[in-house]
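Under the working numbering, the first residue of the sequence shown carries the number 437, and numbering increases by one thereafter.
The beta carbon of each residue, even a glycine, is placed where N, CA and C say it ideally should be.
Notes for the one structure printed next.
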Amino acid sequence: MKIGELSRRTGVSVRALRHYEDEGLLRPDRRSNGYRDFAEDAVDAVLQIKALIDSGLPVRIIREVLPYLDGPSETMPVRPCAYLLEEVARQADLLERRIHSLTRNHDALVAYLRAGLTLTQP
Numbered sequence: 437m438k439i440g441e442l443s444r445r446t447g448v449s450v451r452a453l454r455h456y457e458d459e460g461l462l463r464p465d466r467r468s469n470g471y472r473d474f475a476e477d478a479v480d481a482v483l484q485i486k487a488l489i490d491s492g493l494p495v496r497i498i499r500e501v502l503p504y505l506d507g508p509s510e511t512m513p514v515r516p517c518a519y520l521l522e523e524v525a526r527q528a529d530l531l532e533r534r535i536h537s538l539t540r541n542h543d544a545l546v547a548y549l550r551a552g553l554t555l556t557q558p
């Protein structure tokens with residue numbers, strides 16, 4: 437599929453898709469006319485990349501771990517890089533804190549809505 441179709445199907449801008457490619461996160465084939473040709477599984481890959489970026493992971497970490505996230509465990513390196521393991525652990529901790537903060541904010545908003553609805557009902 438062409439980049440425009442991938443953009444429509446994922447909600448990710450063409451510019452962002454080009455950035456993902458420049459960063460090595462996507463590797464489309466090229467048609468004879470030079471157009472990018474994305475496989476069907478690119479849709480899921482883009483959605484996963486976007487979710488990882490939205491969760492705060494830096495592209496440099498995503499680039500390193502992306503091949504292992506959905507693959508079989510035997511694709512993991514025999515000796516993962518100690519630095520990368522530390523960085524992933526740090527990112528997982530940051531993500532856990534964000535989840536906690538988002539949950540707290542969600543709960544506060546729901547409580548506000550409940551209180552507001554109670555006050556507005558006769």
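Next on the checklist: Within the continuous alpha helix (DSSP H) that includes residue 486, where are the two ends?
Outcome noted: 478 to 490
Next on the checklist: Please give the ranges of any alpha helix (DSSP H) in the stretch 490 to 554, keeping only runs that are unbroken, at least 4 residues long and fully inside the region.
Outcome noted: 495 to 505
Checklist entry - Can you check whether the CB of residue 465 is closer than 7 Å to the CB of residue 473? => result yes
Next on the checklist: Extract the residue ranges of the alpha helix (DSSP H) inside the stretch 442 to 481, only unbroken runs of 4 or more that lie entirely within it.
Outcome noted: 450 to 458
Checklist entry - Could you give the C-beta distance for residue 492 and residue 530, rounded to a whole number, given that I count them as a contact under 8 Å? => result 6 Å
Checklist entry - Given a threshold of 16 other Cβ atoms within 10 Å of its Cβ, counted over all protein chains shown, does residue 588 qualify as buried or as exposed? => result The question about residue 588 has no answer here: the residues shown for the chain are numbered 437 through 558.
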